[in-house]
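Below: one structure, written as structure tokens.
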Amino acid sequence: MERKEFISILGIGAGSIIISSCLGACGKSDGPTPGPTPGPGGKVDFTVDVSTNADLNSKGWTILNSIIIAKSGSSYIALSGVCTHQQNSMTYNAATNTFPCSQQDAAHGSVFNANGVKINGPATSNLQKYSTTLSGNTLRVFEA
Ligand code: FES
């Protein structure tokens, strides 16, 4: 085997090992959180019929367009539905009016308040909050 050929094979092999190691160990990481799809004006703006949304009526919250919408008393809260830690989905706890990450094992467990402010890590950044207005049964969720 020529020296050049040997180095070439070694280089591909080493690269493959590094790539395969990373694919196995590199999971989701902190970083920009994938957000909702903006409307035609470049900002989030959509409506929900709260009288017919099955999740809102059965469990008090739902996720639409990557935004978690929760019924809190007579009003609605809309926050990013994607955890800022490692992008798992959010849930709502009506008893505490908080938004726990769906992953609550030892490596996760982030919780946010009704304004999207992190109250328990490991997440290091807050959830984006969206404005809501209710007109009849039509809830508008939008970026101000
Ligand atoms: S992804 Fe939410 S706490 Fe880890």
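Residue numbers for the sequence shown follow my numbering, so the first one is 1079 and each next one is one higher. Note that beta-carbon positions come from the ideal geometry of N, C-alpha and C, so glycine has one too. Owing to the predicted nature of the structure, the values given are computational and were not obtained by experimental measurement.
Buried versus exposed call for Q1066 [16 or more other C-beta atoms within 10 Å across all chains shown]: In the structure displayed, the chain extends from 1079 to 1222; residue 1066 sits before or after that span and is not available.
Count Cβ pairs between the segment 1127-1136 and the segment 1158-1175 that sit closer than 8 Å; are there 3 or more? Short answer: they don't touch.
7 Å CB neighbourhood of N1191 in its chain, flanking five on each side removed: Looking up residue 1191 in the sequence shown gives position 113. T1176 and I1197.
Q1206 CB to nearest heavy atom of the ligand FES below 6 Å: Mapped onto the sequence shown, residue 1206 falls at position 128. No, the Cβ of Q1206 stays beyond 6 Å of every heavy atom of the ligand FES.
For S1203, which three-state DSSP category applies? Counted from its first residue, the sequence shown places residue 1203 at position 125. In this structure, S1203 counts as coil in the three-state DSSP scheme.
Hey, out of I1146, P1118, S1203 and A1184, whose CA is closest to A1209's CA? Within the sequence shown, residue 1209 is the residue found at index 131, counting from 1. At residue 1209 the sequence reads Ser, which differs from the Ala that was named. Closest option to S1209, Cα to Cα, is I1146.
Any heavy atom of the ligand FES inside 6 Å of the beta-carbon of N1166? Position 88 of the sequence shown, counting from 1, holds the residue named residue 1166. Yes.
Selected residue, minimal CA-CA separation from K1137, among S1144, V1126, K1149 and G1120: Looking up residue 1137 in the sequence shown gives position 59. Answer by Cα proximity: K1149.
Using DSSP with H/G/I as helix, E/B as strand and the rest coil, what is E1221? Along the sequence shown, one-based indexing puts residue 1221 at 143. Coil at E1221, not helix or strand.
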